[in-house]
Amino acid sequence: MREATLGKARIFIFFVRPLFALPKMQIKRFLHKANAVRRKLSNFKLYNTRELHTILEVQYLKKLIHEFKVDCVFDVGANQGQYALQLMHEIGYRGTIISFEPTPDLVKILSEKASCYENWHIEELALGASKGCIEFQCMNNSQFNSIHSPFKIGLKELKETDSNNTVNNTIQVKQDTLASTYQRLKALHGFKRPFLKMDTQGHDRVIFESGLEVIEKFVGLQSELSFIKLYDNTDDYHTLINLYERYGFYLSALIPNNGGHFPHLVEMDCAMINRNYIKKEGRKTNE
Numbered sequence: 008m009r010e011a012t013l014g015k016a017r018i019f020i021f022f023v024r025p026l027f028a029l030p031k032m033q034i035k036r037f038l039h040k041a042n043a044v045r046r047k048l049s050n051f052k053l054y055n056t057r058e059l060h061t062i063l064e065v066q067y068l069k070k071l072i073h074e075f076k077v078d079c080v081f082d083v084g085a086n087q088g089q090y091a092l093q094l095m096h097e098i099g100y101r102g103t104i105i106s107f108e109p110t111p112d113l114v115k116i117l118s119e120k121a122s123c124y125e126n127w128h129i130e131e132l133a134l135g136a137s138k139g140c141i142e143f144q145c146m147n148n149s150q151f152n153s154i155h156s157p158f159k160i161g162l163k164e165l166k167e168t169d170s171n172n173t174v175n176n177t178i179q180v181k182q183d184t185l186a187s188t189y190q191r192l193k194a195l196h197g198f199k200r201p202f203l204k205m206d207t208q209g210h211d212r213v214i215f216e217s218g219l220e221v222i223e224k225f226v227g228l229q230s231e232l233s234f235i236k237l238y239d240n241t242d243d244y245h246t247l248i249n250l251y252e253r254y255g256f257y258l259s260a261l262i263p264n265n266g267g268h269f270p271h272l273v274e275m276d277c278a279m280i281n282r283n284y285i286k287k288e289g290r291k292t293n294e
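This is how it looks when you write it as structure tokens:
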């Protein structure tokens with residue numbers, strides 16, 4: 008205690024006391040500059056270099072959720088809840104989150120995490136073309152789990168991706184359409200301005216088309232675009248963007264979804280806004 012007190016005294020003697028010997032105007036200038044530096048530093052945040060790709064996504068979603076008053080997020084392809092936790096912890100979102108994940112082991116992890124949050128709900132369900140059961144591929148790395156079979160890239164630089172995207176086992180999971188699920192959850196939660204996030208490893212188009220009768224209800228969407236094929240019977244980025252635009256969504260941002268983009272660009276997310284909501288908010292469109 009005594010050493011700590013002496014240390015504080017030394018700091019005062021060498022750094023603070025000399026300030027009182029300065030003219031008042033110089034002290035004011037010093038304090039003004041110090042305050043300006045403090046304000047600049049307050050805008051800085053330390054990031055793990057492996058997480059640098061999340062900066063754009065966080066800033067974009069923060070603005071989108073605020074500007075369009077999003078009150079519910081459909082988190083389709085939740086994995087272990089990374090997206091939902093980012094919404095709450097990094098963006099400060101407090102609205103309803105409904106995470107869809109068909110893999111039982113991952114649902115168990117999600118349910119445990121979601122039990123700490125009143126606004127986070129878990130659906131053990133895959134979204135797709137029809138209601139029933141469907142075969143689901145569990146890969147070596149669960150982030151590659153998909154209804155679709157993996158397509159081996161064969162590039163030396165992406166050898167690790169091929170290894171991660173290898174079938175470990177196949178299971179049967181429950182499936183329903185986006186339209187049917189939307190109606191059920193709308194009645195349950197009463198949301199008015201939902202946002203659709205899809206990260207389903209090649210199945211985004213099927214999910215989107217399974218909800219065409221309700222898709223106009225979504226403020227916007229976030230979908231994974233593939234630049235290098237990772238799965239059989241899946242669509243390239245041209246097809247997906249054209250589909251979304253055909254049903255009234257404007258491209259708003261292209262967002263990195265992982266840090267492994269060099270030297271090959273494998274995939275990114277696109278964020279798109281429903282033109283009906285752009286008009287409702289009084290914003291200009293390209294029409």
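In our numbering, the protein residues as written are 8 to 294.
Glycine is no exception: its CB is placed at the ideal position from the N, C-alpha and C atoms.
Helix or strand or just coil, what does DSSP make of residue i?
i: Asp78; result: coil
i: Leu92; result: helix
i: Glu216; result: helix
i: Asn281; result: strand
i: Asp183; result: strand
i: Ala260; result: strand
i: Ile18; result: For Ile18, the predicted structure reports a pLDDT of 47, less than 50, and the residue's modelled location is therefore unreliable. The matter cannot be settled from this model.
i: Val114; result: helix
i: Tyr100; result: coil
i: Ser122; result: coil
i: His210; result: coil
i: Asn42; result: helix
i: Val65; result: helix
With which residues is residue i paired in a DSSP beta bridge?
i: Gln128; result: Note that residue 128 is His in the sequence shown here, rather than Gln. Answer is Ile105.
i: Gly227; result: Phe202 and Ile280
i: Pro157; result: Tyr238
i: Glu274; result: Ser233
i: Leu134; result: Asp183
i: Val83; result: Phe107 and Met205
If I follow the unbroken beta strand (DSSP E) through residue i, where does it start and stop?
i: Thr173; result: Element bounds for Thr173: n/a, residue is neither H nor E.
i: Ile141; result: Gly139 to Met146
Evaluate residue i with the Cβ neighbour count: other Cβ atoms within 10 Å of its Cβ, from every protein chain shown; 16 or more gives buried, anything less gives exposed.
i: Lys76; result: exposed
i: Glu110; result: The residue you asked about is not Glu; residue 110 is Thr in the sequence shown. It counts as buried.
i: Gln89; result: exposed
i: Val44; result: exposed
i: Ile285; result: buried
i: Gln182; result: buried
i: Cys145; result: buried
i: Ile280; result: buried
i: Ser217; result: buried
i: Ser106; result: buried
i: Phe234; result: exposed
i: Leu38; result: exposed
i: His245; result: exposed
i: Asn152; result: buried
i: Met8; result: Bear in mind that the predicted position of Met8 carries a pLDDT of just 46, short of 50, making it unreliable; the figure below should be weighed with that in mind. Under this definition Met8 is an exposed residue.
i: His128; result: buried
i: Leu219; result: exposed
i: Cys79; result: buried
i: Thr177; result: exposed
Where does the unbroken alpha helix (DSSP H) through residue i begin, and where does it stop?
i: Thr246; result: Tyr244 to Arg253
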